[in-house]
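Number 295 marks the last residue of the sequence shown (my numbering); no jumps.
Don't be surprised by glycine CBs; every beta carbon is placed ideally from N, CA and C.
A quick write-up on the structure given underneath.
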Amino acid sequence: MTETAKSGGMLAGKVAIVTGAGGGIGREIALAMALEGADVLINDIGASLGGEGLSATPAQQTKLIIEQRGGRAAISTDSVADWASAQRIVKAAMDAFGRVDIVVNNAGILRDTIFHKMTPEDWLSVVNVHLNGSFFVSRAAADHFRAQNGGSYVHMTSTSGLVGNFGQANYSAAKLGIAALSKSIALDMARYNVRSNCIAPFAWSRMTDSIPAVDPVQKARVENLKRMTPDKNAPLAVYLASDAAKHVTGQVFATRMNEIFLMSQSRPLKSVHRAEGWTPETIAQHGMAALSKSLLPLDRSQDVFSWDPV
């Protein structure tokens, strides 16, 4: 049975901008928001995973699905990675639907390579889309949120940034930066009833299908990842965008299969004090000796999330 948009859904009367909504997690979030009654501005430049090539087809496909289910959608093919084009994205939503209530910063590209081989272009291209893009689109919507005294941001971060991963210095730095950006937005815009939260999604999509699968352990890991379909991340995004989450802001969540995690944020773990002050020698002899048992391991996302998704 084909799902149809709900006239009285959790997002009825709201307008959502979803970037990178031409496929994968972004498409599933856009579809889920439309089913809950939101009008959706689908933003996608239709580029490859590495950011090359342009096509309106992915966005058009998402729009067609929404309309077939009785929802309303419009398209923007502007890039998030430029201030002027980000403003056009928000203007497209205003032109189509007259307001904007929700911004989902999901657009992204990958340029994975080991740090000592990473080029400035690899770095800048990824940071521009993920981090700068999240700022540009959020900032472009901020004036509308202030004027209407309300709004919700949902940003896609990653455990690659929150925890760590090999070969993703550009992506990890951008994604951790997004978590800090979200917290700052939450603090600065709370007076206008604007909320800002992050989701670190787990899903098998074109963002993960380049993971190597050579040995049996890698192959088993990939098979587990394939079970985590992109749609599993959509319900939390819908909830965070809705009025039901009006008390939730400045938080970082992770979604993995049927699991939802509230992620920690950096706080002091342990302290040492020396009344006469420290020297490099006393730090080595006493300070670090006291702290060493609390040092965090050099782990990766898969080390922290070491059990199979459930």
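Name the DSSP bridge partner or partners of residue i?
i	result
Asp24	Val0
Thr240	Pro186 and Ile245
Arg180	Ser137
Val89	Val3 and Val139
Ser61	Asn28
Is it buried or exposed, residue i, if we count other Cβ atoms within 10 angstroms and call 16 or more buried?
i	result
Ala164	buried
Ile99	exposed
Thr264	exposed
Arg191	Only weak support is given to the placement of Arg191: the predicted model assigns it a pLDDT of 49, under 50, and the value that follows is read from those uncertain coordinates. Exposed, by the Cβ-count rule.
Asn309	For the chain, the structure presents residues -14 to 295; residue 309 sits outside this window and is missing.
Met273	exposed
Glu13	buried
Pro105	exposed
Ser119	buried
Gln236	buried
Gln270	exposed
Gln53	exposed
Asn91	buried
Ala132	exposed
Gln250	exposed
Ala275	exposed
Asp97	buried
Ser291	exposed
Thr(-11)	exposed
Gly7	buried
Asp29	buried
Arg212	exposed
Ser377	The structure shown has nothing for residue 377, since the chain only spans -14 to 295.
Ser169	exposed
Arg176	exposed
Tell me which residues share the same chain as residue i and place their Cβ nearer than 7 Å to its Cβ, disregarding the 5 neighbours each side in the sequence.
i	result
Trp108	Asn155
Pro253	none
Val233	Arg180, Asn182 and Leu225
Asn178	Asn134 and Gly135
Leu283	none
Met(-14)	Residue confidence is low: Met(-14) scores 47 on pLDDT, short of 50, so the model does not pin down where it sits. Its coordinate-derived value is still stated next. Cβ neighbours of Met(-14) beyond the five flanking positions: none.
Ala66	Asn113, Val114, Asn117 and Gly118
Gln72	Ala125
Examine chain D for any beta-carbon lying closer than 8 Å to the beta-carbon of residue i, and answer yes or no.
i	result
Asn155	Judged by its chain identifiers, the structure shown contains no chain D, having just a single protein chain.
Spatial neighbours of residue i within its chain, please: CB distance less than 8 Å, with the 5 preceding and 5 following residues excluded, ordered by chain position.
i	result
Ser277	none
Thr142	Lys160, Leu161, Ile163, Ala164, Ser167, Cys183, Ile184, Ala185 and Val237
Ser157	Ser143, Ser145, Gly146, Gly149 and Asn150
His101	none
Leu172	Gly235
Thr267	Arg259
Gly31	Gly7, Gly38, Leu39, Ser40, Ala41, Thr42, Pro43, Ala44 and Thr62
Val223	Met(-5), Leu(-4), Ile14, Ala17, Met18 and Glu21
Gly152	Asp97, Thr98, Ile99 and Phe100
Lys255	Ala275, Leu276 and Ser279
Who are the near neighbours of residue i in its chain, counting only those whose CB is closer than 6 Å to its CB and skipping five residues on each side?
i	result
Phe246	Ala239
Ala58	Val25, Ile27, Lys48 and Ile51
Ala126	Val75, Val85 and Val88
Arg285	Gly149 and Asn150
Phe82	Val0 and Asp24
Pro215	Gly9, Ile10, Glu13, Ala188 and Ser190
Gln287	none
Is residue i close to the ligand MN? I mean its beta-carbon at under 7 Å from any heavy atom of the ligand.
i	result
Val223	Absence of the ligand MN from the depicted structure is noted, as is the absence of any ligand whatsoever, leaving it without description.
(request) Could you tell me whether the segment 13 to 26 touches the segment 214 to 221, using the rule of 3 or more Cβ pairs below 8 Å? (result) Yes, they touch.
(message) Pairs of beta-carbons, one from the segment 70 to 78 and one from the segment 39 to 58, closer than 8 Å: are there three or more?
(response) Contact between the segment 70 to 78 and the segment 39 to 58 is absent, because fewer than three Cβ pairs lie under 8 Å.
(message) Between the segment -13 to -2 and the segment 226 to 237, can you find at least three pairs of beta-carbon atoms closer than 8 Å?
(response) Yes, since at least three Cβ pairs between the segment 226 to 237 and the segment -13 to -2 fall closer than 8 Å, the two stretches touch.
(message) Check whether the segment 49 to 63 and the segment 112 to 124 touch, using three or more Cβ-Cβ pairs below 8 Å as the test.
(response) No contact exists between the segment 49 to 63 and the segment 112 to 124.
(request) Would you mind listing the alpha helix (DSSP H) stretches within the segment 217 to 293 that are 4+ residues and don't spill past its ends, in chain order? (result) Runs of the alpha helix (DSSP H) inside the segment 217 to 293: 219 to 226, 273 to 276 and 286 to 289.
(message) Restricting to runs no shorter than 4 residues, where is the alpha helix (DSSP H) found entirely within the segment 93 to 161?
(response) As far as the segment 93 to 161 is concerned, its whole alpha helix (DSSP H) runs of at least 4 residues are 105 to 112, 118 to 133 and 144 to 147.
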